[in-house]
Every structure is written in C-alpha cells, then in structure tokens.
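Q: Per the numbering used here, the very first residue in the sequence shown carries number 143; after that it's consecutive.
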Amino acid sequence: MGYVLFKKAKRWPGGRVPYEIDGQSFPAGTTLRTDIDTALTNWNNDTILDFVPRNGEGDFIRIVPDEANTRSAVGRSGGGQKVVLAAYPGIPDGAPISAIHQRSDQVDCFYVDDSGAIRVIWVDGAGEWDGPVALTPPNTVQLRATLATGRLTADG
C-alpha cells in the first residue's frame, strides 16, 4: 500500500522531514530507540525522503508512543505533528507495581519501566487501558534483582 500527495502544500519541501523523538519514552540506548533510529536510517537509505533531527524548524514530526492509536497523518500538516508508534516501555518481569483505586471508575498503576523511568497507566470506566505516561526521566530508579527471590526491587 502507498500514498500519493497531490497537494504540494502537504509535501515536505525537498523531501526533508525534520523530526523529534520523545526522549522520555524512547531514551537513547534502549531497544525501542535503537529500532526507531534504525528505521529512520533505512528510510533515508531506501527512499527519496530524508529524515533529519529538528533544528528549530516550524514544521516537524514528533515520534511518540501510543498503544491504542497507531494512525498518523500522511504528509505535512504544519507545526509539530505526532507520529505515533504502538510501542512503549513495558513493565519488566517482576518489577514493583503500585495500583491505586483513584475513583469509582478508574484504577491507576504506577511502575518502573526497563529504562528506570516511573510511569503510570490506568483503566478507565469502560475497562480500557490508557497511557502510559512518563512521570520521570529515564534512570530515575535503578532496578536490581534480589538474590533470594529473583524479583526486581527499585532503588531511587
């Protein structure tokens, strides 16, 4: 499947697409960030588009996570526009999780992801998960395995 943009105003000038990557959700050196960087390199090598890190441009894309919504606009729409990926830092096996029944129709779950950031996800009244949202930058909390139990604990 492919797309053709007939309106020139929707095309990226010179095929150059400035981008930003949500650094709290996709920290440098993580598997997800490496996958994104590799994909951008492949696009640059194999297509007529050239993805370049944003350097103050008014029109740009911002790569963000969203498990539920993976639709993004095709072409340039002006200003900063989201490109969403169905990927987000997961909950490592055995990681500490705190659940809070905040309202009658919502439960919040706080956890430390594999990058050491504290995140929150929640279940709304319809029983659907939403989030996750990074509450802190990566490396805020260090996870370590407890030798006796093999479970992860958080220091920080």
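Note that CB positions come from ideal geometry on N, CA and C, so glycine has one too. All of these numbers come straight from a predicted model, not from anything done at the bench.
Quick check for students: name the residue ranges of the beta strand (DSSP E) that lie wholly in the segment 169 to 207, counting only runs of 3 or more.
A: Counting whole runs of 3 or more residues, the segment 169 to 207 contains the beta strand (DSSP E) stretches 192 to 195 and 202 to 207.
Q: According to DSSP, simplified to helix, strand and coil, what is Pro-279?
A: coil
Q: Quick check on Ala-259: buried or exposed, where buried means 16 or more other Cβ atoms within 10 Å of its Cβ?
A: Its Cβ being crowded by 16 or more others within 10 Å, Ala-259 is buried.
Q: Excluding sequence positions up to five away, which residues of its chain have a Cβ less than 8 Å from the Cβ of Glu-162?
A: Pro-195, Arg-196, Phe-202, Ile-203, Arg-204, Ile-205 and Gly-222
Q: Of all the options Ile-190, Tyr-253, Val-262 and Val-283, which has the alpha carbon lying nearest to the alpha carbon of Arg-158?
A: Nearest C-alpha to Arg-158: Ile-190.
Q: Is Gly-222 helix, strand or coil when you go by DSSP?
A: strand
Q: Below 8 Å CB to CB, which residues in the same chain sit around Ile-178 once its five sequence neighbours on both sides are set aside?
A: For Ile-178, where only same-chain residues beyond five positions count, the Cβ hits under 8 Å are Ile-163, Phe-168, Ile-205 and Leu-227.
Q: Only counting the same chain, and skipping five residues up and downstream in sequence, which positions put a Cβ closer than 8 Å to that of Leu-182?
A: Tyr-161 and Phe-193
Q: So which of Cys-251, Arg-175 and Gly-200 has the shortest CA-CA distance to Pro-155?
A: Gly-200
Q: Please determine, among Lys-149, Gly-165, Thr-173 and Thr-180, the residue with the shortest C-alpha to C-alpha distance to Asp-256.
A: Thr-173
Q: Tell me which same chain residues have a C-beta within less than 7 Å of the C-beta of Thr-282, skipping the five on either side of it?
A: Gly-258, Ala-259, Ile-260 and Gly-298
Q: Does the distance from the C-beta atom of Leu-277 to that of Val-262 stay below 8 Å?
A: yes
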